[in-house]
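A.B. asks: Quick note on numbering: my numbering labels position 102 of the sequence shown as 102, and the sequence is numbered without any gaps.
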Amino acid sequence: MATIICYDREGKAQPFASEEIGFRPAVYGIFIENDQVFLLKRPETNLFYPPGEVLGEDEPPTQIVRQQFRKLTGLVLQLGPLIFVEDQYVVDDEGQAWQLSLLYYALERPTITMAPTMAEVDDYEQPEWVSLDSLQREQMQFGYEAIQAARLRLKL
Numbered sequence: 001m002a003t004i005i006c007y008d009r010e011g012k013a014q015p016f017a018s019e020e021i022g023f024r025p026a027v028y029g030i031f032i033e034n035d036q037v038f039l040l041k042r043p044e045t046n047l048f049y050p051p052g053e054v055l056g057e058d059e060p061p062t063q064i065v066r067q068q069f070r071k072l073t074g075l076v077l078q079l080g081p082l083i084f085v086e087d088q089y090v091v092d093d094e095g096q097a098w099q100l101s102l103l104y105y106a107l108e109r110p111t112i113t114m115a116p117t118m119a120e121v122d123d124y125e126q127p128e129w130v131s132l133d134s135l136q137r138e139q140m141q142f143g144y145e146a147i148q149a150a151r152l153r154l155k156l
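1) Quick one: is residue 68 buried, meaning 16 or more other Cβ sit within 10 Å of its Cβ, or exposed?
2) With a threshold of 6 Å on Cβ separation, who are the neighbours of residue 86 within its own chain once the five nearest residues in sequence on each side are excluded?
3) Can you tell which of 104, 149, 7 has its C-alpha closest to the C-alpha of residue 94?
4) How would you call residue 23, buried or exposed, if buried means at least 16 neighbouring beta carbons within 10 angstroms?
5) Strictly by DSSP, which residues pair up with residue 87?
6) Which runs of the alpha helix (DSSP H) spanning at least 4 residues fall entirely within the segment 7-82, listed in chain order?
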């Protein structure tokens, strides 16, 4: 019986037998503009992460990531290419362990836009534009490598 280490929101490690771990896909977006990246911040950890979510059954990832950004910014962004994929082993708030396959898509502002509005967001989400030059791996809950992949794509 193999044991896999999974991590909760606060980064605490917990061992689980491999057969106890469920699988779910997740999708996140990387939106870079003016040498800044749009991120969310968890107040309890003070760490950034890209907007997105774990997918439900039969939810199309490209549609879900665009909906997340529209909810947060009021903008309907253009979907770019899939730029990064990674697996994470996490524990949810109910104590269930999951293997998440995270898909990261590049997002771009459309050429014609309406005035953006910042939407109401959940208490645990604090949207911020973060300078790419000042962003460090230690400031990220996850998604740092995806941001670096997006920077390479944009030649920043």
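For every residue, glycine included, the Cβ atom is placed at its ideal position computed from N, Cα and C. The model shown is predicted, which means the values in this text are computed figures rather than measured ones.
C.D. replies: Reading it off the structure:
1) buried
2) 102
3) 7
4) exposed
5) 101
6) 61-73
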